[in-house]
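**Q** In short: position in the sequence shown from 1, add 28, done, that's this note's numbering.
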Amino acid sequence: MNALAARIGGWFGRGGGRPAARGYAAAPARIQAFDQPLLWVTVALLAFGLVMVYSASIALPDNPRFARYAHTHFLLRHLLSLALGFVAAMIAFQVPVSTWEKTAPWLFLASLALLAIVLIPHVGKGVNGARRWIGLGVMSFQPSELAKLAVLLYASNYMVRRMGVKERFFRAVLPMAAAVAVVGLLLLAEPDMGAFMVIAVIAMGILFLGGVNARMFFLIATVIVVAFALMIAASDWRRERIFAYLDPWSEKHALGKGYQLSHSLIAIGRGEIFGVGLGGSVEKLHWLPEAHTDFLLAVIGEEFGLVGLLAVIVAFFWLTRRMVHIGRQAVALDRVFAGLAAQGVGLWVGFQAFINMGVNLGALPTKGLTLPLMSYGGSAILMNLVAIALVLRIDYENRVLMRGGRA
Numbered sequence: 029m030n031a032l033a034a035r036i037g038g039w040f041g042r043g044g045g046r047p048a049a050r051g052y053a054a055a056p057a058r059i060q061a062f063d064q065p066l067l068w069v070t071v072a073l074l075a076f077g078l079v080m081v082y083s084a085s086i087a088l089p090d091n092p093r094f095a096r097y098a099h100t101h102f103l104l105r106h107l108l109s110l111a112l113g114f115v116a117a118m119i120a121f122q123v124p125v126s127t128w129e130k131t132a133p134w135l136f137l138a139s140l141a142l143l144a145i146v147l148i149p150h151v152g153k154g155v156n157g158a159r160r161w162i163g164l165g166v167m168s169f170q171p172s173e174l175a176k177l178a179v180l181l182y183a184s185n186y187m188v189r190r191m192g193v194k195e196r197f198f199r200a201v202l203p204m205a206a207a208v209a210v211v212g213l214l215l216l217a218e219p220d221m222g223a224f225m226v227i228a229v230i231a232m233g234i235l236f237l238g239g240v241n242a243r244m245f246f247l248i249a250t251v252i253v254v255a256f257a258l259m260i261a262a263s264d265w266r267r268e269r270i271f272a273y274l275d276p277w278s279e280k281h282a283l284g285k286g287y288q289l290s291h292s293l294i295a296i297g298r299g300e301i302f303g304v305g306l307g308g309s310v311e312k313l314h315w316l317p318e319a320h321t322d323f324l325l326a327v328i329g330e331e332f333g334l335v336g337l338l339a340v341i342v343a344f345f346w347l348t349r350r351m352v353h354i355g356r357q358a359v360a361l362d363r364v365f366a367g368l369a370a371q372g373v374g375l376w377v378g379f380q381a382f383i384n385m386g387v388n389l390g391a392l393p394t395k396g397l398t399l400p401l402m403s404y405g406g407s408a409i410l411m412n413l414v415a416i417a418l419v420l421r422i423d424y425e426n427r428v429l430m431r432g433g434r435a
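(1) According to DSSP, simplified to helix, strand and coil, what is A54?
(2) For W161, which three-state DSSP category applies?
(3) Please state whether DSSP places G333 in a helix, a strand or coil.
(4) One question on the structure: do I296 and A261 come within less than 8 angstroms of each other, judged by their Cβ atoms?
(5) Within the continuous alpha helix (DSSP H) that includes K153, where are the two ends?
(6) To the nearest angstrom, how far is it from the Cα of A339 to the Cα of G329?
(7) In angstroms with no decimal places, state the Cα-to-Cα distance between V81 and G386.
(8) State the Cα-Cα distance for the pair L399 and E300, rounded to the nearest angstrom.
(9) When burial is assigned at 16 or more other CB atoms within 10 Å of the CB, is R160 buried or exposed?
(10) Any chance you could list the alpha helix (DSSP H) runs of at least 4 consecutive residues sitting entirely within the stretch 262-306, in chain order?
(11) Using the C-alpha atoms, what's the distance from E311 back to P317?
(12) Should F136 and Y182 be called a contact, given that it needs their Cβ atoms to be closer than 8 angstroms?
(13) Got a sec, what are the start and stop residues for the alpha helix (DSSP H) R431 sits in?
(14) Measuring straight from C-alpha to C-alpha, what distance separates I234 and K130?
(15) Using DSSP with H/G/I as helix, E/B as strand and the rest coil, what is V323?
(16) Quick one: what's F169 bridged to in DSSP?
(17) Is there contact between the stretch 219-234 and the stretch 272-281, where contact requires at least three CB pairs shorter than 8 angstroms?
(18) Starting from the Cα of G343, find the closest Cα among W68, F62, A61 and D63 and give me that residue.
(19) Quick one: using the 10 Å Cβ neighbour count with 16 as the cut-off for buried, is N436 buried or exposed?
(20) Along the chain, where does the alpha helix (DSSP H) containing M204 start, and where does it finish?
(21) Decide if the stretch 140-160 is in contact with the stretch 98-118; the criterion is three or more beta carbon pairs, one per stretch, under 8 angstroms apart.
(22) Should the stretch 417-426 be regarded as contacting the stretch 390-404, the criterion being three or more beta carbon pairs within less than 8 angstroms?
(23) Considering Cα atoms alone, identify which of Q170, L142 and V166 is closest to V155.
(24) Excluding the 5 residues preceding and the 5 following I416 in the sequence, name in chain order all residues of the same chain whose CB lies nearer than 6 angstroms to its CB.
(25) Given this structure, state the Cα-to-Cα distance separating R427 from Q371, to the nearest angstrom.
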């Protein structure tokens, strides 16, 4: 493993050894200088996700809707997404955190522009009544995935700039709330309420970690919860999803809004303790919709049982905890932007994984959110890898500082 790490390290820099004490801005970073367990847990989740995407999608061409696809179609496209994501992550890793901080407002504006462009007819690609993608030939890009990273960086940059007035609601919180509201309006126009939920939690979490008054934080949380409740109450199909979640087995919902949930629970129930074995899932054979995307965890539960589910849950818990630790370490080194950004990535990955797992297990209402690093989806994989590369860069710079280097 050390030999492999050293070889990969050559791709990041000009050789092995310790980073120069002169600073980390000018010289390329090397893999030996950052948290290798974080890297390998990420690689393990990506590899397991690749295997499970293939297992969950191999039978899809038997469906007339996917008849023109080969049995390896989704596997090859997922491999392409991983390759593009890996290249993007290597590039992102070479960018100093100070550059991320300077470009955060511009990246946020770019994400707003893309969220608006995707709503333009014949530009945005519509699937199942939602217009969320922009066709780029080799892949379809989802601007909401970029928006998650952009809001995360913008909120971290915003809190650094507003640190002196963080106790004052109108000067510290209201402008950030307005920015998130604009993103929310664009996302709800797609519609993509799941992405909006993740972005709202990321922004709220960074405000709280940045030191916003606890009373103001709970006030914001209350307003957001009420806003989501009103959105659900005003939408017939969202209300129907909630009712289906409460009783997915009823005659009214079993073949309607509760269909996905009921078959997800059947799949997990079939897996019992050790599962039916890799490739042995029955629910993926056109019973469970979106088995390779939103409901990949249900297929894991069926084929690997409780043991497989616990392994995935523990891996995501460790990943989230490790990224939050790196962020706290950066804050302790007086690198507030870097610390908030790393903890924001931890919030993003941890919260989205929590929602996806809750939906698959029937603990939360059905929501269209993928399992980070594992589910099929090019944009999500790409932005997840860029975000984790950013955390690894933050950890690398932390280590340089602790060894006596400087920015």
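From the three backbone atoms N, C-alpha and C, an ideal C-beta is built for every residue, glycine too.
Being a predicted model, the structure only gives us computed values, none of them experimental.
**A** According to the structure data:
(1) For A54, the pLDDT reaches just 46, beneath the cut-off of 50, and the residue's location in the model is therefore unreliable, leaving the point undetermined.
(2) Correct three-state label for W161: strand.
(3) Secondary structure of G333 (DSSP, three-state): helix.
(4) Note that the C-beta distance between I296 and A261 is not below 8 angstroms.
(5) Premise fails: K153 lies in the beta strand (DSSP E), G152 to V155, not in any alpha helix (DSSP H).
(6) C-alpha separation (whole angstroms): 11 angstroms.
(7) Straight-line measurement puts the Cα of G386 at about 19 angstroms from the Cα of V81.
(8) Take the alpha-carbon of L399 and the one of E300: they are about 21 angstroms apart.
(9) The residue is buried, with at least 16 neighbouring Cβ atoms inside 10 Å.
(10) If you keep only unbroken alpha helix (DSSP H) runs of at least 4 residues inside the stretch 262-306, you get 264-274 and 287-299.
(11) Their Cα atoms are separated by approximately 9 angstroms.
(12) With respect to the 8 angstroms criterion, F136 and Y182 are classified as neighbours on the basis of their beta carbons.
(13) No alpha helix (DSSP H) contains R431, which DSSP labels as neither H nor E.
(14) Approximately 18 angstroms between the Cα atoms of the pair.
(15) The sequence given here has Phe at residue 323, not Val. DSSP places F323 in coil when its eight states are reduced to three.
(16) Partner(s): I162.
(17) At 8 angstroms Cβ cutoff, the stretches do not touch.
(18) The amino acid at residue 343 is misidentified as Gly; the sequence shows Ala. Selected option, being the one with the closest Cα: W68.
(19) In this structure the chain extends from 29 to 435, so residue 436 is not present and cannot be described.
(20) First-last of the alpha helix (DSSP H) with M204: L202 to A217.
(21) The stretch 140-160 makes no contact with the stretch 98-118: fewer than 3 CB pairs, one atom from each, lie closer than 8 angstroms.
(22) The way I'd put it, the stretch 417-426 doesn't touch the stretch 390-404; fewer than three beta-carbon pairs between them come closer than 8 angstroms.
(23) Nearest option by C-alpha distance: Q170.
(24) Leaving aside the five residues that flank I416 on each side, the residues in its chain whose CB is nearer than 6 angstroms to its CB run, in chain order, T70.
(25) Computed Cα separation, rounded: 17 angstroms.
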